[in-house]
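Asker: When we follow the numbering used here, the leftmost residue of the sequence shown carries the number 435, and every step to the right adds one.
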Amino acid sequence: MNRFFYRSAQRENNIVRLEGEDAHHLIRVLRADVGDKIELCDEQGVCQLAEITAITKHEVLCILGENLPNNETEAVIDLAFGLLKGEKTDFILQKTTELGVHALFPFISRRTVARPEKKLEKRQQRWQKIVDAAAAQAKRSYIPKVYTPSYWPELIQQFAAYEQVVVFWEKETKQSLKDVLSHLNTKTRILLITGPEGGLDREEVEAAAAAGAKTVTLGPRILRAETAAMTAVALTMYEAGEMRR
Numbered sequence: 435m436n437r438f439f440y441r442s443a444q445r446e447n448n449i450v451r452l453e454g455e456d457a458h459h460l461i462r463v464l465r466a467d468v469g470d471k472i473e474l475c476d477e478q479g480v481c482q483l484a485e486i487t488a489i490t491k492h493e494v495l496c497i498l499g500e501n502l503p504n505n506e507t508e509a510v511i512d513l514a515f516g517l518l519k520g521e522k523t524d525f526i527l528q529k530t531t532e533l534g535v536h537a538l539f540p541f542i543s544r545r546t547v548a549r550p551e552k553k554l555e556k557r558q559q560r561w562q563k564i565v566d567a568a569a570a571q572a573k574r575s576y577i578p579k580v581y582t583p584s585y586w587p588e589l590i591q592q593f594a595a596y597e598q599v600v601v602f603w604e605k606e607t608k609q610s611l612k613d614v615l616s617h618l619n620t621k622t623r624i625l626l627i628t629g630p631e632g633g634l635d636r637e638e639v640e641a642a643a644a645a646g647a648k649t650v651t652l653g654p655r656i657l658r659a660e661t662a663a664m665t666a667v668a669l670t671m672y673e674a675g676e677m678r679r
């Protein structure tokens, strides 16, 4: 069953009005008809079964029904990743959204090759659309937000909002993710950090450690940046019990 997200302004009592791309997808792509059932989620993560009651050329009206289970993670797991070239950033956004990240923070560090200053607003809109689609496909109850790319010192200033900050670094050889997360409860806030194509340099990692971050290894093999980001999220979800819940 297809899932769509809506904002409170689109709802009046128990009626939700879908317009724009969502209406187009239902009408033109899915060939939806009156009486068909879909799933609708609001911006607070409340999801309900809904029935289509009317279809016009540009909108679809739905009546809300029974509540659906919330499938979001108990732990709040955010990902900060070094901005990558081309479709690699798209890959990270899509796959980590499917896995369950709560928010995404692209950043620029010393070895970052990609530079997003040109047409940044359009790029960010595109990134958010990728995340929106991935959240719907994965039956998320909530759409993660993609934040504007920041620089490394700005990212470090965000560490105070988390119980644990984890930097995945290829030079770390002893400390594992399990070691770092073993003492945390299931409802903690965790920030994961993976680097760009060139990795993070030692001074950047030392600055992060001084601000409270822990460095961990992903094993002896050198992973591509996009592989490292997806692996970091998947392993954290597992250690937090989210793959078994």
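For glycine and all other residues, C-beta sits at the position ideal for the given N, C-alpha and C.
Hey, is the stretch 567 to 574 in contact with the stretch 595 to 604, meaning 3+ C-beta pairs nearer than 8 Å?
Answerer: They do not touch, by the three-pair rule.
Asker: Do three or more CB pairs link the stretch 510 to 517 to the stretch 620 to 630 at distances below 8 Å?
Answerer: With a cut-off of 8 Å, the stretch 620 to 630 and the stretch 510 to 517 count as touching, because enough Cβ pairs lie within range.
Asker: Beta-carbon within less than 7 Å of GLN482's beta-carbon, same chain only, minus the 5 sequence neighbours each way: which residues are those?
Answerer: Excluding positions up to five away in sequence, the list reads LEU474, LEU498, GLY499, GLU500, ASN501 and LEU502.
Asker: Can you list, in chain order, the residues of its chain whose CB lies under 8 Å from that of ALA466, leaving out five sequence neighbours each side?
Answerer: Excluding residues within five positions, the ones whose Cβ falls inside 8 Å are LEU460, ILE472, ILE486, ILE489 and VAL494.
Asker: I want to know whether the stretch 633 to 643 touches the stretch 520 to 534 - three or more CB-CB distances under 8 Å.
Answerer: No, they do not touch.
Asker: Span of the beta strand (DSSP E) holding LEU527?
Answerer: Where LEU527 is concerned, there is no enclosing beta strand (DSSP E), although the alpha helix (DSSP H) it sits in stretches over 521 to 533.
Asker: Where does THR582 land, buried or exposed, given buried means 16+ other C-beta within 10 angstroms?
Answerer: Exposed.
Asker: LYS553 to LEU518, Cα distance in whole Å?
Answerer: Roughly 16 Å between the two C-alpha positions.
Asker: Less than 8 Å separating the beta-carbons of ALA614 and THR530?
Answerer: For clarity, residue 614 is Val in the given sequence; the question names Ala instead. No; because the gap between Cβ atoms is not below 8 Å, this pair is not in contact.
Asker: By Cβ distance, which residues of its chain are closer than 7 Å to GLU455, with the 5 residues on each side in sequence left out?
Answerer: Excluding residues within five positions, none has a Cβ falling inside 7 Å.
Asker: Starting from LEU513, trace the alpha helix (DSSP H) in both directions and tell me its first and last residue.
Answerer: Not the alpha helix (DSSP H): LEU513 falls in the beta strand (DSSP E), residues 510 to 516.
Asker: Classify LYS612 as helix, strand or coil using the three-state DSSP reduction.
Answerer: Three-state DSSP puts LYS612 in a helix.
Asker: Select from LYS491, LEU452, GLU521 and ALA674 the residue whose C-alpha is nearest the C-alpha of THR622.
Answerer: It is ALA674.
Asker: Got a sec: does the ligand PLP put a non-hydrogen atom nearer than 7 Å to the Cβ of GLY469?
Answerer: Questions concerning the ligand PLP fall outside what the structure shown contains, since it holds no ligand whatsoever.
Asker: Evaluate THR620 with the Cβ neighbour count: other Cβ atoms within 10 Å of its Cβ, from every protein chain shown; 16 or more gives buried, anything less gives exposed.
Answerer: Counting Cβ neighbours within 10 Å, THR620 comes out exposed, since fewer than 16 surround it.
Asker: Whose CA, out of MET677, THR670, HIS458 and ARG560, lies closest to the CA of LEU611?
Answerer: For LEU611, the nearest C-alpha among the options comes from THR670.
Asker: Taking the CB atoms as reference points, tell me whether GLN609 and LYS648 lie closer together than 8 Å.
Answerer: Yes, these two residues count as a Cβ contact at 8 Å.
Asker: How many Å lie between VAL480 and ASN505 at the Cα?
Answerer: Rounded to the nearest angstrom, the two C-alpha atoms are 10 Å apart.
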